[in-house]
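Student:
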Amino acid sequence: MPKVKTNSSAKKRFKVTATGKITHQKSFKRHILTKKSKKRKRALRQDGVVSASHTYFVKRLLRLK
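Start counting the sequence shown at 171; every next residue gets the next number (this note's numbering).
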């Protein structure tokens with residue numbers, strides 16, 4: 171039997187924390203930053219957590235389930 175491959179785009183986008191949560195980088199922080207407030211840009215630096223409804227699907231892409 172061939173090995174099952176992990177989804178390459180998913181492994182670049184998501185990380186699993188020690189507690190098992192899946193984190194991702196937030197969007198809207200690449201360009202057109204002059205009109206966005208400092209507070210908004212600062213908040214976009216924090217990692218986002220994948221919602222409970224999407225966790226199963228992301229784990230399947232990462233071959234954790």
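Backbone N, C-alpha and C define an ideal beta-carbon position, used for all residues, glycine too.
Do Leu234 and Asn177 count as a contact pair if the criterion is CB distance below 7 Å?
Tutor: no
Student: Measuring CB to CB, does Phe184 end up less than 7 Å from Ile192?
Tutor: Cβ distance < 7 Å, so Phe184 and Ile192 count as in contact.
Student: Under DSSP, the beta strand (DSSP E) around Lys175 begins and ends at which residues?
Tutor: Element bounds for Lys175: n/a, residue is neither H nor E.
Student: Please report the residue range of the beta strand (DSSP E) in which His194 lies.
Tutor: 192-194
Student: Report the rounded CA-to-CA distance for Lys196 versus Ala222, giving the unit in angstroms.
Tutor: 17 Å
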